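A short worksheet on the structure shown next.
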Amino acid sequence: MHRILLIDDDEQLVPRLVTYFRRFDLDLVGRTRPSEGLLRLQDGDIAMVILDIMLPEMDGFEVCRRIRKQSGIPILMLTARGEVTDRVVGLELGADDYLAKPFEPRELVARVQSILRRTQPDAHLSDRFDFGDLVVDRKKRQVSVL
1 MHRILLIDDD EQLVPRLVTY FRRFDLDLVG RTRPSEGLLR LQDGDIAMVI LDIMLPEMDG
61 FEVCRRIRKQ SGIPILMLTA RGEVTDRVVG LELGADDYLA KPFEPRELVA RVQSILRRTQ
121 PDAHLSDRFD FGDLVVDRKK RQVSVL
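Note that full-length UniProt numbering numbers the sequence shown so that position 99 is 99, with each residue one more than the last.
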């Protein structure tokens, strides 16, 4: 199961999305303050970040800059600011995608799944493959014949 960090100050949206993402076998971890989100990201178990632009403490552009200084983790910008300039700035700062509010939760999930497929293509694969008498163990980096 992929763990995704959502940094958004909308205290009603966060729990609704956490519940919705579970339906798609995605573990959404919500933080309403950028400092809490950046701290949570340091745990190292996050596969992707969904980031609002309008946040307390610092805006999402600054959060994106700070994340990019440390990591290539995928970032999807999620915001009520739908101006073309904002989208371009977000993408130029290193965001992988941008979705304007209001949005359909299903579209957000589809975008997240698409990004995860591209950035973590082997995550869904088994560690062991059987091809007749041939066994490939990816974890052990071994090929054997039965």
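Heads up, the beta-carbon is just placed ideally off N, CA and C, and yes, glycines get one too. None of the values given here were measured: they were computed from a predicted structure.
key: For T79 and R31, the rounded distance between their alpha carbons   = A direct Cα-to-Cα measurement between R31 and T79 gives close to 15 angstroms.
ask   = Near residue 178, which residues of its chain fall below 6 angstroms by C-beta distance, leaving aside the five closest residues on each side in sequence?
value = For residue 178 there is no data in the structure shown, the boundaries of the chain being 1 and 146.
key: Pairwise C-alpha distance: C64 and M58   = 10 angstroms
Cβ distance (whole Å) where P74 is taken to contact D96 below 8 angstroms = 5 angstroms
request  = Taking all protein chains shown into account, decide if D133 is buried (16 or more other Cβ within 10 angstroms of its Cβ) or exposed.
outcome  = exposed
query = How many angstroms separate the CA atom of L26 from the CA atom of L41?
reply = 16 angstroms
7 angstroms Cβ shell around R66 - same chain, five flanking residues per side excluded = L38
ask   = Does the beta-carbon of D130 have 16 or more other beta-carbons within 10 angstroms, so that it is buried, or is it exposed?
value = exposed
request  = Count the other C-beta atoms from every protein chain shown that fall within 10 angstroms of the C-beta of M54, then say buried if there are 16 or more, exposed otherwise.
outcome  = exposed
task = Throw me the rounded Cβ distance for the G90 and F61 pair, which I believe falls under 8 angstroms.
result = Indeed they touch by this definition, with Cβ atoms about 7 angstroms apart.
key: Endpoints, the beta strand (DSSP E) within which G30 is located   = L26 to R31
Three-state class that DSSP yields for L91 in the structure shown = Reduced to three states, the DSSP call for L91 is helix.
ask   = So what does DSSP say about F129, is it helix, strand or coil?
value = Strand.
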